[in-house]
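What follows is one structure encoded as C-alpha cells, with my remarks underneath.
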Amino acid sequence: ESIPADAFAAALRIPNFLQNLFGEGVLSASFIPVYARLLGRGDEREARRLASAIFGLLALATALLVLLGVLAAPLLVDLLVGGGFTGERRDLTIRLVRVIFPGTGVLVLSAWCLGILNSHGRFFLSYAAPVAWNLAIIGALLLGARGADLADARALADIAVWAAWGSVVGSVLQLLVQLPTALRLLGGLTTRVREASAHRRTVLRNFVPAVMGRGVAQVSAYVDIIIAGNLGLGAVAGLTYAQAIYLLPVSLFGMAISAAELPAMSRDAGAGDLRDPAAGTSIVPNDAVVLALRTRIEAALRRVAFFVVPSAAAFLLLGDLLASAVYETGAFTRGDALYIWAILAGSAVGLLAATSGRLFSSAFYALHDVKTPLRFAVVRIATAVAIGLPLALIVPRALGVDLRWGVAGLTLAGGLAAWVELYLLRTRLGQVVGPLRLPTSLILRLWACALAGAGAAWGVKLGLVDLTTHPILRAVLVLLPFGLVYLGATHALRVPEASQLLARVRRR
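Residue numbers for the sequence shown follow the numbering used here, beginning at 505 and rising by one.
Printed below as a string of C-alpha cells:
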C-alpha cells in the first residue's frame, strides 16, 4: 500500500490502451485471418505486400498517438483514473505515463511481428519475447533499489521511475527479439504498396470494428481502475497485482491456444469462401468447412478446459500461496497476500468463460466477422459494471469490512459477466458451424481431479505451517503435488488431453 505502487500500476494501464487498440487483439481480428488465408493459397507476394502496408500504417498511427499521449498525459490521468488520484499520487502517475508511452508504441510493432510469426506457425518466439520486457523491468528495479531507503517515499518514487524506463527498454528488446525472424519469414518489407487491393480493404474494413471492440474492453478496464481508485490506498495496486497472476493462464491457455488456432481456422474458413473477399465482411462456409471448423473448435475447447480448470481451482483454493510466491518480499506482507487471494478468487469464477470466449471470438475473426464479438463485448461490460458497482461500493459497507476489499467484488462481477458473453458467443457461433459441445461430464471430471490435487496441496501446506520456508520454495513444494495429482487423476479417468500430454513428455 503506497503512492508509488498505485501510481506505477495506473501508469502501466493508461498507455496500455494504445497497445490494446492497435496491438495483438486488433491484428488478430483484422490482419491475421487475411494474411493466413493468402499464405494458405500460396500467394506469398500479396501476403508480403499486405504485411508491409499494415506495418507502415501501424507505425504512422502509433507515432502520432504516442506524441499525443505524452502531451496529454495530465488529461489522460484525470480522465482514466478519476478523482481518486490527487496531489503527489497524480503528479507521479503523470510523470510515469510520459516515460512509458513511447515503449508502449514499440509494443504495437511487436504485435505485428507476433501476427507474422503466428501465421507461419512460429509460436514459441512470439510468446517468449515478453520475457525480455519483464527482465528489463526487474533489472531496472534492482538498479534503482541499490542503496535506496525503502522507507523513504521519495526513494520509492525514484524506483518507480527506474521501473518505467525499464519497461521502455524491455519494449524495444521485445521487438528486436522477434523482428529478424518475422522479416526473414516475410522475405523483407516492400515499399510497392501504393495500389489498394481487396485484401487491404478487407483488413482496414475489419480494423475499425476491431478497434472499437478493443476500445470497449479498455473502457471496462478503466472503469475498474476508477472504481478501485476510490476504494482506498492500495486498491489499484492490489487489482493490478492480482491481474498479473490472473493473466498468466489467460495468456498461456486462452490467448495462446486461440492464437495457435486462428491461422488454421482462417485457412479452413477461406476454403469455403465462395465470394470475392471485398464483397462482404464475413465468410459463408460450406458444409466441409463447417465440419472442419466445428471439429477444430471443440478440440481446442477441451484443451482450454484441461488447463484452465486447475488454474481456477488454484486461484480459488491456493491464491495466497501464489501471491506470496510472486510478491512476498520487502514491504509485501502476509496480509497483502490474503488480499490478493480474495481478488484472485473473484477472478476464478469467470476464468474458464473468459478463456473459452477468446477462442470463440477467434473463430468469428476467421470468418471475417468482427462485429459479433464487438456487440457481445458491450453486453459483457455493461453486465460487469451493473454487477460490479454494488459489489464494490455497497457490499463491503454492509459487511463492515474495509472498503478496499470491494476490489474482489469487481473481479467477481467480471467473471459473472464473462459467462454471459460466452453464452452469447457460443449460441451465435453454433448457428454458423452447428452446436458446439464441451461435455458436462468432462468438466465434472476435471473439477474432481483439480479438487483432489488441491486436497493434496493443502495437506503439504498445513505441514509447512511451522517451517520458515521461503515463499517460492513453499509454492513449489505445495503446487508440485497439486499438479502431479491432477495429471495422474485425469489420466486415470481417461481424459484424452492428459494422455496426450504425458505422451509428449515421454517422447521428449
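Each residue gets a CB set at the ideal place from its N, CA and C atoms; glycine is no exception.
Cβ-Cβ distances below 8 Å link Arg949 to Thr994, Leu997, Val999 in the same chain, with the five nearest sequence neighbours on each side left out; the list follows chain order. Restricting attention to Leu689, Thr931, Pro975, Leu645, the CA atom closest to the CA of Phe512 is found in Leu645.
Taking all protein chains shown into account, Arg541 has 16 or more neighbouring C-beta atoms within 10 Å of its C-beta and is therefore buried. Counting along the chain, Val936 sits inside the alpha helix (DSSP H) bounded by residues 910-937.
Counting C-beta pairs with one atom in each stretch, the region 973-989 and the region 949-960 have three or more that are closer than 8 Å, which means they touch. For His995, the enclosing alpha helix (DSSP H) starts and ends at 975-996. Val603 has its alpha-carbon roughly 38 Å from the corresponding atom of Val899. Excluding sequence positions up to five before and after Val874, its CB lies within less than 6 Å of the CB of Ala533, Asn710, Pro713, Ala714, all in the same chain and listed in chain order.
Secondary structure note for Pro684: its alpha helix (DSSP H) is the uninterrupted segment 657-690. In terms of Cβ geometry, Arg552 and Thr685 do not form a close pair [threshold 7 Å]. Just measuring C-alpha positions, the residue of Arg594, Leu618, Arg771 sitting nearest Ala514 is Arg594.
Distance from the Cα of Leu583 is smallest, within the candidate group Arg517, Arg862, Ala1002, for Arg517. Boundaries of the alpha helix (DSSP H) around Asp595: 591-623. Residue environment for Gly963: exposed (fewer than 16 other C-beta atoms within 10 angstroms of its C-beta). For Gly607, the closest alpha carbon among the candidates Leu680, Val808, Ile749 is that of Leu680.
The C-alpha of Leu878 lies about 31 Å from the C-alpha of Gly674.
Between Gly934 and Arg862, the C-beta spacing is not below 7 Å. For the pair Phe605 and Gly648, the CB atoms are not nearer than the 7 Å cut-off.
By the 16-neighbour rule on beta-carbons within 10 angstroms, Glu832 is buried. About 3 Å separates the beta carbons of Gly913 and Leu895, which is inside the 8 Å limit, making them a contact pair.
Classified as buried, Ile731 has 16 or more neighbouring CB atoms from the shown chains inside 10 Å of its CB.
Burial state of Leu751 is exposed, judged by a 10 Å Cβ sphere holding fewer than 16 other Cβ atoms. Secondary structure of Ala652 (DSSP, three-state): coil. Within the same chain, and ignoring the five residues on either side of Gly691 in sequence, the residues whose Cβ sits closer than 6 Å to its Cβ are Arg552. Note on geometry: alpha-carbon atoms of Ser860 and Ser815 lie some 14 Å from one another. In the structure shown, Pro713 falls within a helical segment according to DSSP collapsed to helix, strand and coil.
The beta carbon of Val707 lies closer than 6 Å to those of Ser534, Phe535, Val538 in the same chain, with the five residues before and after it left out. Leu1005 sits in a helix when the DSSP states are folded into three classes. In this structure Glu765 is buried. Its beta-carbon is surrounded by 16 or more other beta-carbon atoms within 10 angstroms. Our two residues, Leu613 and Leu531, have alpha carbons roughly 11 Å apart in a direct line. In the DSSP assignment, Glu832 falls outside any alpha helix (DSSP H) and carries neither an H nor an E. Using a C-beta cut-off of 8 Å, the region 807-826 makes no contact with the region 724-744, since fewer than three inter-stretch Cβ pairs fall below that distance.
Just so you know, the alpha carbons of Phe559 and Gly839 end up roughly 47 Å apart. For the region 843-885, the continuous alpha helix (DSSP H) assignments of 4+ residues that do not extend past its boundaries occur at 855-870, in sequence order.
In the structure shown, Ala563 adopts helical secondary structure according to DSSP, grouped into three states. A direct Cα-Cα distance of roughly 16 Å separates Ser851 from Phe811.
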